[in-house]
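Structure first, then comments.
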Amino acid sequence: MKISCARCGKPRELRNGHVNRAKKHGLNLYCGRKCAGLARRKNKTRQQKVLEKRTYDIEYRKKNQSELKKKKAHYHKKTYDPEVARKKRKKRAKAHAEYCRRPEYKKWKEEYDRKRRAKQYGPYADAYLIMVDLNKEIKSRSNKYEIHIQNKTFGKAQKRDLEAQGPKRSYYYTPSNS
Ligand SMILES: [Zn+2]
Numbered sequence: 001m002k003i004s005c006a007r008c009g010k011p012r013e014l015r016n017g018h019v020n021r022a023k024k025h026g027l028n029l030y031c032g033r034k035c036a037g038l039a040r041r042k043n044k045t046r047q048q049k050v051l052e053k054r055t056y057d058i059e060y061r062k063k064n065q066s067e068l069k070k071k072k073a074h075y076h077k078k079t080y081d082p083e084v085a086r087k088k089r090k091k092r093a094k095a096h097a098e099y100c101r102r103p104e105y106k107k108w109k110e111e112y113d114r115k116r117r118a119k120q121y122g123p124y125a126d127a128y129l130i131m132v133d134l135n136k137e138i139k140s141r142s143n144k145y146e147i148h149i150q151n152k153t154f155g156k157a158q159k160r161d162l163e164a165q166g167p168k169r170s171y172y173y174t175p176s177n178s
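Take the sequence shown: its position 95, counting from 1, is numbered 95 in the numbering used here, and each next residue is one higher.
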């Protein structure tokens, strides 16, 4: 039986049985393997494929979290050698220190540490962060002397020293009583 390719339209001779089977299952018939393969393509862009794989992976990780954790722990136990790890760390130490000195890393780390510290207060994390910011703001507006007074870390001797230095210091203290 003669058919025409579902992709390029080229004619091809096929056995009746094959054609009937395709018809029964609602399948397309092609002139050859090449057309069959090309017709199967979904013509997605690379970007689209990457995005789809990403969402799939996120779902997969969420679904199999405990299983993956077990697998990773097992692999770690099987392959980890503390001596080798120590040597590797030592070799990378200089480069790692340089990596940590980058301003963008510092900025990221600052934010990361802030969140990590707040986490230990559980539901009061937000309150903690507000307190930290408030404290910072107060400190930025007060001078060294005021901070010392607040923290009760200003002793008699220091007071005397300041008075002896005269009014040139910005945080010079003028005793109001005594
Ligand atoms: Zn074809």
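We put the beta carbon where it would ideally sit given N, CA and C, even for glycine.
Give the C-beta separation of residue i and residue j to the nearest angstrom, bearing in mind that I take them to be a contact with Cβ-Cβ under 8 Å.
i: LEU14; j: LEU29; result: 7 Å
i: ILE147; j: LYS139; result: 6 Å
i: LYS119; j: ALA127; result: Not quite, the Cβ-Cβ distance comes to about 13 Å (not below 8 Å), so this is no contact.
i: PRO11; j: LYS23; result: Wrong, their Cβ atoms sit about 17 Å apart, outside the cutoff.
Give the straight-line distance between the Cα atoms of residue i and residue j, rounded to the nearest whole angstrom.
i: ALA97; j: PRO103; result: 12 Å
i: THR79; j: ARG61; result: 22 Å
i: ASN151; j: LYS109; result: 28 Å
i: PRO123; j: ASN64; result: 28 Å
i: ARG116; j: GLU137; result: 21 Å
Using a 10 Å radius around the Cβ and a threshold of 16 neighbouring Cβ atoms, would you call residue i buried or exposed?
i: CYS35; result: buried
Short of 8 Å in beta carbon distance, which residues of its chain neighbour residue i, apart from the five on each side in sequence? Order them along the chain.
i: TYR105; result: TYR99
i: TYR121; result: ALA127, TYR128
Give me, in chain order, the residues of the same chain whose beta-carbon lies closer than 7 Å to that of residue i; leave out the 5 immediate sequence neighbours on both sides.
i: ASP57; result: none
i: ARG86; result: none
task: Please list, following the chain, all residues that have a C-beta closer than 6 Å to any non-hydrogen atom of ligand 1.
output: Result: CYS5, ARG7, CYS8, LYS10, TYR30, CYS31, CYS35.
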